[in-house]
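Student:
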Amino acid sequence: MKATIEGLLRVLGEHHKEAHGIPEADIQAKEQSLGFRLPVVLRDYYKNLGRSPYITQGCNNQYEPLPLQDVFIPDKTFFTTDKAFLVFYQVEESVIYCGIRIQDLEKEDPPVYLCAWNSPDWQLENRSLQHFLAGKAFVQLGVEDRLPYWAIFDESMWGLSDYCRSMHLEREHEIDEGSELNAWKIYVKDDVLIVFELYVSEEETDDVLAVYLASFERANLGKLLSGMGRVANLPAFRSNLSES
Numbered sequence: 001m002k003a004t005i006e007g008l009l010r011v012l013g014e015h016h017k018e019a020h021g022i023p024e025a026d027i028q029a030k031e032q033s034l035g036f037r038l039p040v041v042l043r044d045y046y047k048n049l050g051r052s053p054y055i056t057q058g059c060n061n062q063y064e065p066l067p068l069q070d071v072f073i074p075d076k077t078f079f080t081t082d083k084a085f086l087v088f089y090q091v092e093e094s095v096i097y098c099g100i101r102i103q104d105l106e107k108e109d110p111p112v113y114l115c116a117w118n119s120p121d122w123q124l125e126n127r128s129l130q131h132f133l134a135g136k137a138f139v140q141l142g143v144e145d146r147l148p149y150w151a152i153f154d155e156s157m158w159g160l161s162d163y164c165r166s167m168h169l170e171r172e173h174e175i176d177e178g179s180e181l182n183a184w185k186i187y188v189k190d191d192v193l194i195v196f197e198l199y200v201s202e203e204e205t206d207d208v209l210a211v212y213l214a215s216f217e218r219a220n221l222g223k224l225l226s227g228m229g230r231v232a233n234l235p236a237f238r239s240n241l242s243e244s
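Heads up: the sequence shown begins at 1 in full-length UniProt numbering, then just goes up one per residue.
1) Run through the DSSP bridge pairs and tell me what residue 187 is partnered with.
2) Please confirm whether residue 176 and residue 217 have their CB atoms less than 8 Å apart.
3) Quick check on this structure: which residue in 238, 79, 21, 199 has the alpha carbon closest to the alpha carbon of residue 121?
4) Mind reading off the beta-carbon distance from residue 181 to residue 200? Whole number of angstroms is fine, and I expect it under 8 Å.
5) Looking at residue 206: is its Cβ nearer than 8 Å to the Cβ of residue 161?
6) Flag this pair as yes or no: are the beta carbons of residue 22 and residue 50 separated by less than 8 Å?
7) Kindly examine the ligand GTP and report whether one of its heavy atoms sits closer than 7 Å to the Cβ of residue 41.
8) Can at least three beta-carbon pairs, one atom from the region 95 to 109 and one from the region 125 to 138, be found at a separation below 8 Å?
9) Looking at the unbroken alpha helix (DSSP H) that takes in residue 79, where does it start and where does it end?
10) Which residue spans inside the region 33 to 72 form an unbroken alpha helix (DSSP H) run of at least 4?
11) Which term fits residue 117, buried or exposed, when burial requires 16 or more other beta carbons within 10 angstroms of its beta carbon?
12) Run the CB neighbour count on residue 119, radius 10 Å, all protein chains shown included, and call it buried at 16 or more, exposed below.
13) The alpha helix (DSSP H) spanning residue 132 covers which residue range?
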């Protein structure tokens, strides 16, 4: 299934609180300063998750949302060739920005583009703002230790198919972020979030750089790891289960 805000909120469950959102008045004030209304999907995202402790702000070289007050339209000093974008996401360490074309802001769920300091032309990242926001949030939950229980498999001889077999992952468990870059594979099974970091290449590959497992439920993560442990030649992994 495609990554959606509703699916993200289901994973967060009771841990998501109303206080994790930004008040409507603050969103309207930002819109007034920009001079236009934000797309419906982006408004709802900030209204529900704009201050969520589970959605990373201050990542270590990962995609992260800009705080609402920092969303901006580039001025003439910005490095991109085209300045007609609303910039709302970034990878600060790598100087990558994600934005929505000004002409697309009236769309409910517009496409998302990205640019980098060494590539000043915008390129399509995702055809859906909602899939982009939810997909990147799932990656942050897995990679940035945002959930209380986690395990990490570093690069090994195992490929994506090996891990999927060992975890009994099916198509129904997959959350498709819809990115044009194909850098991640995301699954949710039995309240465990599983994020695969892939090699980015033009050809589809089975190679995996790392695997991140995270959950609010200690027992469920332990059960998944225990089941994997019955598979021969399981790669070594790190986990905080023994510490909790």
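Note that CB positions come from ideal geometry on N, CA and C, so glycine has one too.
Tutor: With the given structure in hand:
1) Here residue 187 corresponds to residue number 187 of the sequence shown, with the count starting at 1. Residue 187 is bridged by DSSP to 174, 194.
2) For this step, residue 176 is matched to residue 176 along the sequence shown. For this step, residue 217 is matched to residue 217 along the sequence shown. For residue 176 and residue 217, no; Cβs fall outside 8 Å.
3) Residue 121 sits at position 121 when you count from the first residue of the sequence shown. Nearest to residue 121 by alpha-carbon distance, out of 238, 79, 21, 199, is 79.
4) Within the sequence shown, the letter at position 181 stands for residue 181. Within the sequence shown, the letter at position 200 stands for residue 200. Going by Cβ atoms, the distance from residue 181 to residue 200 rounds to 6 Å, so yes, they are a contact pair.
5) Within the sequence shown, numbered from 1, the residue matching residue 206 stands at position 206. Within the sequence shown, numbered from 1, the residue matching residue 161 stands at position 161. Yes, Cβ-Cβ distance for residue 206 and residue 161 is below 8 Å.
6) Position 22 of the sequence shown, counted from the start, is the residue given in the question as residue 22. Position 50 of the sequence shown, counted from the start, is the residue given in the question as residue 50. Yes, Cβ-Cβ distance for residue 22 and residue 50 is below 8 Å.
7) Of the ligands one can find in the structure shown there are none, so the ligand GTP has no counterpart to examine.
8) yes
9) Counting from one through the sequence shown, the residue named residue 79 turns up at place 79. Careful: residue 79 lies outside any alpha helix (DSSP H) and carries neither H nor E.
10) 40 to 49
11) Against the sequence shown, residue 117 aligns to sequence position 117. With fewer than 16 Cβ atoms within 10 Å of its Cβ, residue 117 is classed as exposed.
12) Reading the sequence shown from its first residue, position 119 is the one you call residue 119. Of the other Cβ atoms in all chains shown, fewer than 16 fall within 10 Å of the Cβ of residue 119; this residue is therefore exposed.
13) Taking the first residue of the sequence shown as position 1, residue 132 is located at position 132. Following the DSSP letters along the chain, one finds residue 132 inside the alpha helix (DSSP H) bounded by residues 129 to 143.
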